[in-house]
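Encoded as structure tokens, the structure appears first; notes follow it.
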Amino acid sequence: MFRHHRGPGGARLAAVVLAGRVTGRAVVGRCPVPDPGRRPPVVSLLVPLYVHPAEDPGSWHRLITAADRTYGVVLNPANGPGDAPDPAFASAAGALRAAGARLLGYVDTDYGTRAAAEVAEDARRHREWYGAQGCFLDRVSSAPDALPAHRALVRALRRQGSAPVVLNPGVHPAPGYARIADLLVTFEGPWSVYVSSFSRPDWTLRHRPERFCHLVYGVPQALAPLAVRTARERGAAVSGPVTGSLPNPWSRLTPVLAGDPS
Numbered sequence: 061m062f063r064h065h066r067g068p069g070g071a072r073l074a075a076v077v078l079a080g081r082v083t084g085r086a087v088v089g090r091c092p093v094p095d096p097g098r099r100p101p102v103v104s105l106l107v108p109l110y111v112h113p114a115e116d117p118g119s120w121h122r123l124i125t126a127a128d129r130t131y132g133v134v135l136n137p138a139n140g141p142g143d144a145p146d147p148a149f150a151s152a153a154g155a156l157r158a159a160g161a162r163l164l165g166y167v168d169t170d171y172g173t174r175a176a177a178e179v180a181e182d183a184r185r186h187r188e189w190y191g192a193q194g195c196f197l198d199r200v201s202s203a204p205d206a207l208p209a210h211r212a213l214v215r216a217l218r219r220q221g222s223a224p225v226v227l228n229p230g231v232h233p234a235p236g237y238a239r240i241a242d243l244l245v246t247f248e249g250p251w252s253v254y255v256s257s258f259s260r261p262d263w264t265l266r267h268r269p270e271r272f273c274h275l276v277y278g279v280p281q282a283l284a285p286l287a288v289r290t291a292r293e294r295g296a297a298v299s300g301p302v303t304g305s306l307p308n309p310w311s312r313l314t315p316v317l318a319g320d321p322s
């Protein structure tokens, strides 16, 4: 995610995919009996953290201590891996790996206009410098005519060892994008828009909720758990509610992770 907001899909620095378990819905009836063979649904949090580890070590410390609950951490030192390893990010990455977190390297695709070789090089640097296993491809095109190029790009990244691959167009793209991504971000925007005008195309019903993510900012602190539940109800098992607003909504950890009252 960019250091400065550039409109939809902007304000991106770092993101964290965090996972925890929540209990299933209460059973309504006289004698609710839990099903021992049924696991509670997994709720994953993709949490943009728009701050350098040296600037807010407290947030990163809380993240590291929560690593046993994480699905993965997206590292973004400089709108990508940068020209040289960042010592603070390298240290944070090492601590996260030691705590059991999976790391994803942030790579900007510039809506498909960046050369595939440049994208692959960014992914390679993330692996070599920070030990990232997968990648988070940002500013992904949503257009159907760009799908073949993105399909080839994702295949190339997987061949060189990057997995999982997360695609972030920030909107519902052409349906084929869901078949090439391990995780697809189909909403990135403010809470006001999310609650008032979000719509879900029918093709999303053909895929498991674990394949979709919603990133929402400007969420009132007390409503962060509701934002997670709303995403689940709208077919996205992964979500990222934050309280911040533009120009930098990602400056703090989500209340869901930070331990704020919910």
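Numbering of the sequence shown is given in this note's numbering, commencing with residue 61 and proceeding in unit increments. The C-beta atom is built at its ideal place from N, Cα and C for all residues, glycine as well.
DSSP three-state call for SER299: helix, strand or coil? strand
Can you tell me where the alpha helix (DSSP H) with PHE149 in it begins and where it stops? 147 to 158
Given that a residue counts as buried once 16 or more other Cβ atoms are within 10 Å of its Cβ, and exposed if not, what is LEU306? exposed
Between VAL276 and PRO229, which are expected to be in contact by the criterion C-beta below 8 angstroms, what is the C-beta distance as a whole number of angstroms? About 16 angstroms separates the two Cβ atoms, so there is no contact after all.
What's the call for GLY118, buried or exposed, on a 16-neighbour Cβ count within 10 Å? exposed
Backbone secondary structure at GLU115 - three-state DSSP: coil
State buried or exposed for LEU156, treating a residue as buried only when at least 16 other CB atoms are found within 10 Å of its CB. buried
Secondary structure at ASP182, three-state DSSP: helix, strand or coil? helix
Classify ALA153: buried if its beta carbon has 16 or more other beta carbons within 10 angstroms, exposed otherwise. buried
Measuring alpha carbon to alpha carbon, tell me which residue in THR246, HIS267, PRO269 is nearest SER259. THR246
First and last residue of the uninterrupted alpha helix (DSSP H) at PRO315: 315 to 318
By DSSP's criteria, GLY191 is part of a beta bridge. Which residues make up the other side? Paired residues: none, contrary to the question.
Sort out for me which residues DSSP pairs ASP168 with in a bridge. ASP198
Hey, how far is the Cα of THR303 from the Cα of ALA282? 9 angstroms
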